[in-house]
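Going by my numbering, the sequence shown opens with residue 322, and the numbers climb by one from there. Every residue, glycine too, gets a C-beta built ideally from N, C-alpha and C.
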Amino acid sequence: MADPWLRWRAMLSERALPAAVVDLDALERNVDRLVEALGEGPTTLRIASKSVRHPGLLRRILDRCGSRGRGLLCYSAEEAALLAREGFDDLLIAYPIAGAPAARIVASLVAGGHRVWATVDCSEQVQLIAEAAAEAGTIVELCLDIDLSWRPLGGVVHLGVRRSPIRSGASAIHLAEAVAEQPAVRLTAVLAYEAAVAGVQDRNPGSRLLDPIRGLIKRRSRPLAVARRREILESLWGIGIVPEVVNGGGTGSVSSTASDPLVTEVAAGSGFLCPHLFDGYRGLELEPAVFFALPVVRRSDPDHVTCFGGGYVASGAAGRDRLPRVHCPRGLTPVELEGFGEVQTPLRWRGQGAAPGLGEPVVCRHAKAGELAERFSTYLLARGDRIEAEEPTYRGLGGSFG
322 MADPWLRWRA
332 MLSERALPAA
342 VVDLDALERN
352 VDRLVEALGE
362 GPTTLRIASK
372 SVRHPGLLRR
382 ILDRCGSRGR
392 GLLCYSAEEA
402 ALLAREGFDD
412 LLIAYPIAGA
422 PAARIVASLV
432 AGGHRVWATV
442 DCSEQVQLIA
452 EAAAEAGTIV
462 ELCLDIDLSW
472 RPLGGVVHLG
482 VRRSPIRSGA
492 SAIHLAEAVA
502 EQPAVRLTAV
512 LAYEAAVAGV
522 QDRNPGSRLL
532 DPIRGLIKRR
542 SRPLAVARRR
552 EILESLWGIG
562 IVPEVVNGGG
572 TGSVSSTASD
582 PLVTEVAAGS
592 GFLCPHLFDG
602 YRGLELEPAV
612 FFALPVVRRS
622 DPDHVTCFGG
632 GYVASGAAGR
642 DRLPRVHCPR
652 GLTPVELEGF
662 GEVQTPLRWR
672 GQGAAPGLGE
682 PVVCRHAKAG
692 ELAERFSTYL
702 LARGDRIEAE
712 EPTYRGLGGS
722 FG
């Protein structure tokens with residue numbers, strides 16, 4: 322088998338480095354696999370835009386999904402505004418709005434003819450958005466965010482992410498009644514992110530001893546998600562509210578979430594690009610599709626090379642799994658005391674033959690899918706053995722949303 326690094330070296334020989342590269346062939350195969358994971362039926366995919374942060378790729382993903390793709394799951398009002406300017410519609414903002422400027426952005430988008438949902442989990446958020454909507458002379462659709470965390474021992478232990486306080490039919494009704502009091506907002510969607518299933522690896526090389534515990538949490542969380550969704554939806558139905566959209570999932574639970582007949586759409590984002598944190602999921606045959614290439618700029622010793630840049634560490638609880646990983650050439654490992662650095666990354670060479678020379682690329686993978694786009698103004702888009710396009714990320718369009 323040909324050394325994959327030779328392909329990368331040839332493909333990037335005339336490109337300025339560091340550079341971020343997306344393999345379009347791998348991306349398209351990942352889209353096909355995630356659409357297939359939906360199974361039969363009407364359930365659609367909503368693309369989590371924070372895990373892409375690149376309008377050109379978002380268009381390609383939606384086009385590839387065909388009739389099984391529906392809209393974008395955004396992470397801020399400002400991001401939704403950028404995407405609207407780029408020609409996207411059907412935008413569900415998945416995180417709460419807590420300031421008047423963001424609420425006015427949403428109201429302005431809706432007044433301008435875009436379909437946008439604002440997610441809420443408390444009455445103060447409802448009031449804020451209702452005031453902005455009334456000021457703009459429009460009606461804003463709201464999405465109720467419900468919490469699917471497993472809280473055993475009477476809630477003393479919380480297994481999942483800290484999201485919404487809406488965990489019961491009663492709390493959902495209470496907030497729905499607050500919405501009903503405001504003429505400028507309507508509750509038409511429910512968001513139920515299964516963090517303990519979709520966002521938890523089955524196998525983590527950095528903490529293998531915890532793999533059985535992670536497995537237990539995932540097995541317990543799946544039926545809990547189904548039951549809580551049903552409880553809350555039945556409570557809403559009982560007061561005459563029938564949400565048009567019931568969103569669930571995450572990449573790690575597309576198949577299981579789509580099997581719930583109450584779910585109308587499943588969110589996915591990271592799986593399209595498959596950063597290295599998504600290598601550890603059973604039943605997900607995804608391919609790495611996003612990379613960054615660092616140039617070798619010096620050699621301090623015969624068995625070491627040093628690259629420019631590279632300190633692209635992922636968010637989340639600090640650990641080795643948040644660091645980038647060398648993809649190729651094989652035989653390069655970070656120097657323990659320096660790691661991937663702000664301006665330089667030294668690597669030890671234990672491979673066969675000669676180490677990469679000055680100016681040649683070391684190809685790496687980020688731990689997460691979307692955060693790499695915060696470091697690069699453009700992505701190089703590769704197909705086969707050539708770069709076919711270079712297109713802007715959010716950063717390249719002047720967008721940075723936290």
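Member of the options whose CA lies at the smallest distance from the CA of residue i
{"i": "Leu-718", "options": "Ile-382, Leu-333 and Glu-400", "result": "Glu-400"}
{"i": "Pro-417", "options": "Phe-409, Arg-406 and Gln-446", "result": "Gln-446"}
{"i": "Ala-454", "options": "Ser-492, Pro-504 and Gly-672", "result": "Pro-504"}
{"i": "Ile-494", "options": "Ser-576, Gly-433, Arg-336 and Trp-558", "result": "Trp-558"}
{"i": "His-435", "options": "Ile-414, Gly-592 and Ala-419", "result": "Ile-414"}
{"i": "Arg-406", "options": "Arg-646, Val-431 and Gly-569", "result": "Val-431"}
{"i": "Pro-623", "options": "Arg-641, Val-634 and Gly-672", "result": "Gly-672"}
{"i": "Val-352", "options": "Asp-324, Gly-387 and Ala-341", "result": "Gly-387"}
Contact under 7 Å by Cβ, residue i with residue j
{"i": "Tyr-602", "j": "His-375", "result": "no"}
{"i": "Ala-402", "j": "Ala-428", "result": "no"}
{"i": "Ala-694", "j": "Leu-333", "result": "no"}
{"i": "Phe-612", "j": "Gly-632", "result": "no"}
{"i": "Arg-643", "j": "Gly-652", "result": "no"}
{"i": "Pro-616", "j": "Arg-686", "result": "no"}
{"i": "Phe-593", "j": "Ile-460", "result": "no"}
{"i": "Glu-349", "j": "Arg-385", "result": "yes"}
C-alpha gap between residue i and residue j, whole angstroms
{"i": "Val-563", "j": "Ile-368", "result": "23 Å"}
{"i": "Phe-629", "j": "Gly-680", "result": "10 Å"}
{"i": "Glu-357", "j": "Gly-691", "result": "23 Å"}
{"i": "Trp-438", "j": "Leu-463", "result": "5 Å"}
{"i": "Thr-714", "j": "Ser-698", "result": "5 Å"}
{"i": "Ala-423", "j": "Tyr-396", "result": "12 Å"}
{"i": "Arg-483", "j": "Gly-362", "result": "32 Å"}
{"i": "Gly-723", "j": "Ala-398", "result": "11 Å"}
{"i": "Val-656", "j": "Val-547", "result": "46 Å"}
{"i": "Asp-600", "j": "Leu-393", "result": "24 Å"}
{"i": "Gly-590", "j": "Leu-338", "result": "26 Å"}
{"i": "Val-343", "j": "Glu-663", "result": "23 Å"}
{"i": "Leu-449", "j": "Glu-606", "result": "43 Å"}
{"i": "Arg-641", "j": "Gly-433", "result": "46 Å"}
Sequence-distant residues of its chain with Cβ nearer than 6 Å to residue i (five each side left out)
{"i": "Gly-360", "result": "Ala-579"}
{"i": "Gly-490", "result": "Glu-552, Ile-553 and Ser-556"}
{"i": "Thr-365", "result": "Arg-389, Arg-391 and Glu-586"}
{"i": "Asp-466", "result": "Thr-440, Asp-442, Ser-485 and Leu-512"}
{"i": "Ser-576", "result": "Ala-358"}
{"i": "Ser-444", "result": "Ala-499"}
{"i": "Arg-425", "result": "Ala-453"}
{"i": "Arg-696", "result": "Tyr-633"}
Nonlocal neighbours in the same chain, by C-beta distance under 8 Å from residue i, ignoring five residues either side
{"i": "Val-567", "result": "Ala-510, Val-511, Ala-513, Arg-550, Leu-554, Leu-583, Val-584, Thr-585 and Glu-586"}
{"i": "Leu-668", "result": "His-625, Val-626, Thr-627, Cys-628, Val-647, Leu-653, Thr-654, Pro-655, Val-656 and Val-683"}
Environment of residue i [buried if 16+ CB atoms lie within 10 Å]
{"i": "Glu-274", "result": "Given a span of 322 to 723 for the chain in the structure shown, any question on residue 274 remains unanswerable."}
{"i": "Pro-682", "result": "buried"}
{"i": "Thr-654", "result": "exposed"}
{"i": "Asp-410", "result": "exposed"}
{"i": "Ile-560", "result": "exposed"}
{"i": "Leu-327", "result": "exposed"}
{"i": "Gly-678", "result": "exposed"}
{"i": "Leu-658", "result": "exposed"}
{"i": "Ala-421", "result": "exposed"}
{"i": "Thr-675", "result": "The question names Thr, but residue 675 in the sequence shown is Ala. With fewer than 16 other Cβ atoms within 10 Å, it is exposed."}
{"i": "Ala-703", "result": "buried"}
{"i": "Gly-720", "result": "buried"}
{"i": "Ala-710", "result": "exposed"}
{"i": "Pro-650", "result": "buried"}
{"i": "Gly-570", "result": "buried"}
{"i": "Arg-330", "result": "buried"}
Spatial neighbours of residue i in its chain, beta-carbon cut-off 7 Å, leaving aside the 5 residues before and after
{"i": "Ala-451", "result": "Gln-503, Ala-505 and Val-506"}
{"i": "Arg-707", "result": "Met-332"}
{"i": "Pro-596", "result": "Val-611, Arg-686, His-687, Ala-688, Lys-689 and Ala-690"}
Residue i: CB within 6 Å of a non-hydrogen atom of the ligand COA
{"i": "Ala-491", "result": "Looking at this structure, you won't find the ligand COA or any other ligand, since it has none at all."}
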